[in-house]
Structures are given as structure tokens and as C-alpha cells.
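Below is one structure, written out as C-alpha cells; comments come after it.
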Amino acid sequence: MRKHSIIRWTGVAMAAALATSLAACAPSGSAEDVTGATADEIAAALQEESSITVWGWAPQLEPIVEAFEEKYPKIDVKLENVGTGNDHYTKLQNAIKAGTGAPDVAQVEYYALPQFALSGAFADLTGFGAGELEDQFTPSTWGSVSLNDGIYALPQDSGPMAMFYREDVFTNLGLEIPTTWDEYIAAGKAIHAANPDAYITNDVGDAGFTTSMIWQAGGNPYVVDGTTDVTVDFADEGSTKWADTWNQLVQEDLVAPISSWSDEWYQGLTDGSIATLVIGAWMPGNLESGVPDAAGTWRVAPMPTYEEGVAAAAENGGGGDAVLEQSENKLVAYGFLEFLNGEEGAAIHAANGGFPSTVADLESDEFLNYESDYFGGQKINEVLVQAAKDVVPGWSYLPFQTYANSIYGDTVGQAYASKSDLNEGLAAWQEATVKYGVEQGFTVNGE
Amino acid sequence: MTTTSIVTARRGPFMRRGGARWTGWLFLAPFMIVFLLVLVAPVVYSIYLSLFREQLIGGTSFVGLENYALALGDPKFWDSLGRVVIFLLVQVPIMLVIALAASLAIDSARLHLSSFFRIAIFLPYAVPAVVATLMWGFMYGTRFGLFGNITDAFGLDLPAPLSSNWVLASIGNIVTWEFVGYNMLIFYAALRVIPTDLYEAASLDGAGAFRTVWSIKIPAIRGAIVIAAIFSVIGSFQLFNEPNILKTLAPNAISTYFTPNMYAYNLSFSGQQFNYSAAIAIIMGLITVVIAYVVQLSGSRKVGRA
Amino acid sequence: MPRGGRLAPAGTGPTTRKSVWLTIIMALLAGYALLPLFWLVVNSTKTQRDLFSTFGLWFSGDFALWDNIVQTLTYDDGVFLRWFGNTLLYVVVGAGGATFLATLGGYALAKFDFPGKRAVFAVVLGAVAVPGAALAVPTFLMFSQMGLTNTPWSIILPSLISPFGLFLVWAFAVDAVPTEILEAARIDGAGEFRTFFTISARLLAPGFVTVLLFTIVATWNNYFLPLIMLSESTWYPLTVGLNAWNAQAATAGGEAIYNLVITGSLLTIVPIIVAFLFLQRYWQSGLAAGSVKQ
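Structure representation (C-alpha cells):
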């Protein structure tokens, strides 16, 4: 019996020793602590042999990297797609926690940016002269990357919301294109009455959609003051306005209970049983490649509003690129960022189906006059660029938005599932979000 | 302690001469070394982690067993545990009985095309989870999917497979689909090594087919059945892939704490609550070991009776 | 003698009667198993265009299977083949190694008495019982400190452990390798390892093959671990690569390539079928195990 326990203890002791030695290697800051550089220093760094790693999933990154390497042949850019959205953030978070293995540059969506920026994982770009670039970008995207007196990313694309709709469905039923949410609900009733398998849109509840819709309604449920003071309030006027409106659609079964990007969703978009999508301006490319059979039937219009004639829009999706604090080649990383998100990169981005965040591209005649065959020859960018200008200012996300979004289904989603009051769902979301914030050491108002 | 009773029931190990009593370790050592590195060390590290609390604001502090106390009073944890217990009690027996019946049928040599059945039933196990979800997501679709087509064709009004009340059963179906063939093969392979002399004795006794199955085949593969049961129990307690992937199709019916493993995963990946997540993982490990041990014990008790 | 049958089927006499009813019941079970796969086959013959506009469970539109296969193999400079090669590497080293380690270990547990043997069962079961997804972060942090992340080793090392295989071989070896044979070999003066490789290994074949099949499939379909450990697509296995393709359509400006995801999935399953067909003949060697005993 004594020998048995010796074996057992050797094993446990070995493992324990291993674990403690690991625990001792706590994540530490990386080598050189560069917080800024002049334009000349950056330009010089770009002419020296070095390499950087970039993590991102946007399909436009590849041609941009190629163009960059052509312009700066001494720089080797390793582009890696480590996953889309959450998978990407998980890997980023793990590498940051491990203190090693993070890339020099990472793609980041606007909603996830505060989390990485305020925790010190991303470098403040102010010292590199990023502040001078403000005029190049739309106010709403610039607002998304400037946090707490710093600039933590450069905007790449944007997703001003618009209403994509099936012209054939509306024409066949003799319906007007809705311009207000009241008209939208009425159209929803007409569509569903004419064909019980058809719906004005699909919605099973989605955190990104909900926050964008509240944004459009003028709500401001998240207020961040400094890095630790947070307010969450889903009882404000905008949030309630959206929830009251959307309650009618959900409770009267006017929205198809189909998840976006699913098999059924594509079929619905193809056969017209999902008649509209209120979504970001990046959608046309996805429609063209994912729903090719419906070519010619889709159109785009400004998203409906609460008050007739008062244009209002919000951002839905979109993001930029950031330099990591862990990077040991920040000058080159920033130089790449300026190329990627500046004039040259933006042009390639737009040519490859992205919706730009740069003012020059949005206002170029070529862009505005583009007639999309898929949209029956409509000049879709006129509508979408106007939407970018109509984005309601003043929105912000939480410094722990990815967590908040992850528990959306547990709270607001339950109200969707039971067709009960969405206001109560939002209240539950608020409560769970506040609880987490407090646990994590934030000062949270909103209990 | 009868931890090895699965295998010591019959034909136990032969006794070794004194000097060679460590020979067994030479055979076992390669496995155990890698095992310590890739499984035991992370578990030990998790135990270490579970004694701390790290906040986004405020850093790390030692909290002793506080995370464990928190978990035991966490309704979400109990909710998730209750769900996998129901799953375990319903799905595992159904799956194992089907698998056992199928393996006996194939082994009986009374089937036409038996090698076709063997591979056909096993194939689902070979399908990557991402693809399995794509396929079942289509099958479960109420509007355009197969399910929708069937209910429409027969004018039925069945509840949606991915609605809150039915999603657990739908997951049970996917898991059964994936693992029936897997368990069937375990049983089948075990049936293949039953010594033929046992059958000869039985046929001399004039035993019928059912009696042969009941009193020779099943007892002879009891070791395999117990192992399959233990691993199915562990699999149920660790249910993760299927609900996690289906969540994209049924975001409201599958919560972030649908199963204990999903809860632990979401705590650490979405919430960065690594410490609390580690505590939940360790508690689940303890519960699983106890249940698996009970299964093993009841499996070997039947040995005594037989 | 029926094809694939064996010498002494269970108490049914020398000539086995085939049962139609049993076959029908099994056919239903096989139908259940194959229906979703049928969907996969049907849809891999469709173009991206027909995928969402035609009924999913029957062929229609253009028959595009060959086109899809060519596209899958050549898309993005043939990255699919690269992933295929990686997967093959992980399977050969990972599954092969896992089966070997499990067979050695399981054999030791079944046929030798040694100090600490009882603890092995408890420790192995205990470590397996802790949910893996929750261990992902600790494992990642450890591997990261050891410099293993983003290398093939981060995938291969964990794949080398198959506790299930260990237990399965353990249970098999008790019956499959008669103690008398080992004693006879020892009296002849054969070393333990020589006995293992010349006699025992052959007797363990059905168990070994079963474990090999399971570890092959498990490594082939390994998804979660590579997803966490790898950040360079050059080391991706097929599963992670296919998932990246699948996610591509839900990206702004991303090109929907569901037809390639589906065809790629079908191609991913094919080698498993081949492995199965190849390995299954070793189950017949159960015959050999039986005959040795007589």
C-alpha cells in the first residue's frame, strides 16, 4: 500500500510543480515600450527589413496586404485568419493573457473595441499621429475608435443601416415602401395576411441588431465615464421606443423565427418569404454571393423612422484595425495601419465589396453613381451614403460588451421566445450586465 | 477498493517473479507521461486557478474556496446540472440498448448485407460536428426544412424541434445519431473475441439464440458495456459541442448555461471568469467521477451474481 | 460458410438462417443513420445558386459535383489540400501514437501486476471526468509557456492520449490474450517486449483496430483544440478550415461558398470510409484469436 501512494504522489507532485512554475510566469508587458513616433520615424522603419503579423478575417485584407508589400518590399506581412468574430476575440484574449503570441495588428469590430482598449491590450495611437487622420473618416466611425481621450484603432469599414427589401413582394401586394415604423408594422401585417408563410423580416433576437435599433431610436443605454465608471439603462426613452414598437411585430407573429445566416434564412431571402432586412450597408455583397437567384428583386431604402420625415440611422457591424500593446514592431504596425485604413487601403477595400468609412470614398462620384445590376440598376450607394450621414451621434458600447452580448439570449432572447414584453427582457439584460460589471470591479450605475 | 474489478473478474493477471514486478510500468509509462503532461497538469493548474479571483478592474486576489461556495449556490449551475442528468437518464440507456441490439444483430450472422449495416450505422460518427449541425439544422427547419415538409405533407401540427421545450430531445437525437454506431462497434469488437469454446458448450447444452445472447454474449462483453456506459455518462455530463453549435440556430432555446460545460466555457471565454469557471469544472469532475464510479461498481456487482 | 461470418455463430448450428425481419429492422436503423448523409451527397451536387433555391433532399438543377470538387481543391491556391495534409499528419502521428500507447498501457494493466496499478484507473478516470472545454484556457496558457502553441505539437501531444482506448484494450486483453500463452513464452525464455510484439499484438488485433478506428476519427474530426491552439492557417486541420469557409459568408463582403463547405465535408468523410473498409478486415482476425485458444 505504501508503494502505491508513492506512485500516486510522484504524479501529483510533478503536475503541481509544473503548474506552480507556470503560475510564476505571469503575463508581463512586452519588450520595448513605444508610445509614439514621428511620421519620419515611421517612414524610415518601413524601409527597413522586418515583419509583422496581422490577424483578421475580412476578405479585403488579402489584396490590401499584397499592395502594401509591393509598396514596401522590405516588410513581410503575415496575414492570418484565426477565426471570425468571437473565435478571433477568444484567441486574441488568450494570447494577451498568455503575454505572448499576439499579432502586431488585429481586426476588431467597433462593439468589441472598448473591451481591448480600456484593458490596455491595444496601443493608443495618438502618439503616432493618428489624431491628424480624424477628417478622413466619418464622424460615427471616428467616434467608435476614440475612447477615453485616446485613439485605439483606425476605422476600416462601416455599417450604416438601411432597409433592403424585395420589390416584387411589395409590388405584388400593392404595398407602399414603409418610411416609418408604423407603416412597417402595417406592411408586415399585410404581407403575413396575404401568405401565412411570408414575413416582413426575420428576427429571433440578436444583440447587435437590438443595440443598433436602440441607437437609431435615440437611446443611449450605455454610458462610460473614464475606464471604470459605467452606466447601464435600458429604461431610457430610446430603448423603450424600440421595445414598444418591436413588441407589436414579435407578439403578433409578424417576424419569421429564423436565425440569420442559417439555411432557412437564405431560402427565405431567395424565395421572398423574408421581405425586408434592416441591416448594415455591407449587405449588398453578401446578397449577391449568397442569394444569387434573387438578383433583380432586391432594392434598398432608408430605414424606417419613428417620426415621419426625420431621418435617423445607426451603425450595424463594421470595425477597424488596432495595434497591440504586445507588438515589438509598433512603428511598422502603425505604418501598415495607415496604409490599410488610409486612402490606398480604403480604395482596395471598397473595390472588393467593403463599405468604406472614409469620407473621400463615400463622396466620390464613382462610388455614388455605381449602378448595381443585382439591385435592378439602382444607385444603392446614394441611399447608403445618406444613411452614413444620418447616423445618430453619441452612442457608446460597454468595456465588456462581448460578454454582455453573449448573455443576450438568456435575457432578451427569452422575451422573444415567450413573446412577452421586450422591455422586461431588456430589464433582465440590464440586471445581468450590471451584476457582471460589479463582479469585475467596475463602478456600475443602473441597479 | 475494487477499481480494477472490470477486468479482474475472470482470467486475472498472472503472478510475476519478484524482480519483474515493475515490468508493467515499462508498458504503461509512455501513456502515463504524456497523460500527466496534457491532462493531469491542466487539471492541477485549474485547481490552483480556482482558488483565486481575477477582476478586469482590480487584479487578482486569493479567495480560498469562495469560488466553490459561489458555484454551489449558483442557480444557473444547478439548472445546467439538472438538464444533463435528465439527458443522461433518458438518452444514454436508449442509445446503448440500440447499439447493443445492433451489434448482436450484426454478430448473429443472420443479417443480409451485414457489413453494409456495420459501416452505414458507424458513418455518422465520422461526420465533423460543424457538418452534422449543418445537416440537422436543415432537417429541423420548420419552414423550409425536412421537418417542415413532413408536417406540411401530413397536415400535422408538431412542436418545433428547436423550441425551448423540445431542443433537449432534438440534441438527444443528434447525439444518439452520432454515437450509436460508435458504441455498436465497441460491442461488436468485444463480441468478436468471445472464445468459441463458450458457444460450443452452449450449443451442447441446446441453448436457443436468445439464451445464448442473454447468458453468454452479454456477460462476456460486460467489460465493454461498462466502459461504454462510463464514457457515455462522462459524455453526457460534458455535453457541449452539439448544443454549442446549435445555439446559432436556436439562440433563445439554448442558454449560455444550458449544460455545465457550456456554462464553464462561457464563463471563461465570454466573461473571462477563468477562476470561477475552473471551480465549476472541478466540481463537475468530482460529480462525474462519483457517478462513473457508481456505474462501474454496479457493473461489476453483476459479475458477482452471474 | 456465410461471407464475413465466423466459425461458430451463436447456437444456430452450422448453417445460419438469414432473418428478413431482422434485416428490415436494421435497414430502418441504417436509414436513420444515412438520411443526413444523403442530404450531404445531394447538396454537394448543387451549385451555390441552386443550394438555397431547390428542395434539399433531392437532386435538381445542374449536376455540379465535379465542378464543386475541382473548386474545393483549387480554391484559395489549393489550401484545402494543405489542410488535408495537416489532418493526415495529425492522424498518422496522433491516432497511431495514441493507439500504440493505449495498447501498451492497456495490455500492462490487464496482464501484469505492479505497484500503483489500482491508482491508475482512478487517476485516469478522474482526469477524464473534468470537462475539457473548461480546461481549454489552462491548457492553452501552459502550452503557451512551453512554446508549443501554434505548432503541430499542440495538436499532436493531446491527441496521443486516449483514455477510452486504454480502458478498451484493458478489457479486451484480459480475454484475448490467454495468460497460459504468456507463461509458455516466458518459460521459453522470451523477453516481455518480444512476447508482446510477436504474440500478444496479434491476439489484440480486433481491440487494437477498434481503438485505432476511434482515434483516427477523433483526430480527423478534432476541432476545438486546434481552434484554440493554432493561429496560423498553415497548420489548420480540415475541420477548422471548413469552419472558416463556413463563416466567410457571414462576413461583410465575404463570398458565400457553402457549396465548397458541403463538398469539402463530403471529401472529408471519404478517407474515414476508406480507413474503415481497410481496417474492418482485421475484425475477422478475431477468428485467429479464437483458433489459437483451441
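Protein chains in written order, with this note's numbering: chain A, 871 to 1317; chain B, 20 to 325; chain C, 39 to 332.
For each residue, glycine too, the CB sits at the ideal point set by N, CA and C.
Taking one beta carbon from each stretch, the region 1061 to 1068 of chain A and the region 999 to 1011 of chain A have fewer than 3 pairs nearer than 8 Å; the two do not touch. Residue nearest to Asp-1052/A within the set Ala-982/A, Tyr-1176/A, Val-1255/A and Arg-1036/A is Tyr-1176/A (criterion: CA-CA distance). Around the Cβ of Ala-909/A, a 10 Å sphere holds fewer than 16 other Cβ atoms; the residue is exposed. Residue nearest to Leu-187/B within the set Leu-68/B, Thr-152/B and Val-103/B is Val-103/B (criterion: CA-CA distance). In the three-state scheme derived from DSSP, where H, G and I count as helix and E and B as strand, Lys-948/A is classed as strand. With a threshold of 8 Å between beta carbons, Ala-165/C makes contact with chain B. The beta-bridge partner set that DSSP reports for Tyr-1092/A consists of Val-1102/A.
For Gly-292/C, at least one C-beta of chain A is nearer than 8 Å to its own C-beta. DSSP, reduced to helix, strand and coil, places Val-116/B within a helical segment of the structure shown. Between Val-924/A and Val-975/A, the C-beta spacing is below 8 Å. Any Cβ of chain B closer than 8 Å to the Cβ of Gly-227/C would place that residue at the interface, and such an atom is absent. Relative to the Cα of Ile-1250/A, the nearest Cα in the group Glu-1236/A, Ser-1109/A, Val-1261/A and Pro-1263/A belongs to Glu-1236/A. The Cβ of Ser-1159/A sits closer than 8 Å to at least one Cβ of chain C.
Non-local beta-carbon contacts of Ala-1298/A in its own chain, meaning distances under 6 Å to residues more than five positions away in sequence, involve Thr-1281 in chain order. Look at Tyr-64/B: its C-beta is under 8 Å from a C-beta on chain C. For the region 978 to 990 of chain A, the residues whose beta carbon sits under 7 Å from a beta carbon of chain B are, in order, Ser-989.
Taking C-alpha positions only, Ile-301/B is separated from Gly-1311/A by approximately 25 Å. Inside the region 231 to 284 of chain C, DSSP marks whole alpha helix (DSSP H) runs of 4 or more residues at positions 243 to 258 and 262 to 267, from first to last along the chain. The beta carbon of Phe-1312/A sits closer than 8 Å to some beta carbon of chain B. In this chain, Asp-1114/A is not harboured by any beta strand (DSSP E); it is covered by the alpha helix (DSSP H) spanning 1107 to 1121.
Counting the other CB atoms within 10 Å of its CB gives Asn-1042/A a total below 16, which places it among the exposed residues.
Bridge partners of Asn-202/B according to DSSP: none are assigned. DSSP, reduced to helix, strand and coil, places Ala-221/B within a helical segment of the structure shown. About 7 Å separates the CB atoms of Leu-78/C and Val-150/B; that is less than 8 Å, so the two are in contact.
The C-beta distance from Gln-86/C to Ala-288/C rounds to 15 Å, too long to fall under 8 Å, and the pair is not in contact. In this structure, Ala-1192/A is the residue among Ile-1277/A, Ala-1192/A, Asn-1186/A and Ser-1197/A with its C-alpha nearest to the C-alpha of Val-978/A.
The Cβ of Arg-55/C sits closer than 8 Å to at least one Cβ of chain B.
About 36 Å separates the beta carbons of Lys-149/C and Ala-71/C, which is beyond the 8 Å limit, so they are not a contact pair. Pro-1162/A carries a helical assignment under DSSP once its states are collapsed to helix, strand and coil. In the three-state scheme derived from DSSP, where H, G and I count as helix and E and B as strand, Met-1031/A is classed as strand.
The beta carbons of Gly-160/B and Asp-1019/A sit no closer together than 8 Å. Following the DSSP letters along the chain, one finds Gly-203/C inside the alpha helix (DSSP H) bounded by residues 201 to 214. Counting only runs of 4+ residues, the alpha helix (DSSP H) found wholly inside the region 1241 to 1309 of chain A occupies 1250 to 1259, 1271 to 1276, 1278 to 1288 and 1292 to 1309, in chain order. By a beta-carbon distance limit of 8 Å, Phe-157/B does not contact Pro-180/B. Their separation comes to about 12 Å. Proximity of the region 1113 to 1124 of chain A to the region 1284 to 1303 of chain A meets the contact definition, three or more beta-carbon pairs being nearer than 8 Å. Listed in chain order, the positions of the region 165 to 192 of chain C with a beta carbon within less than 8 Å of a beta carbon of chain A are Val-175, Phe-178, Leu-179, Met-180, Ser-182, Gln-183, Thr-187 and Asn-188.
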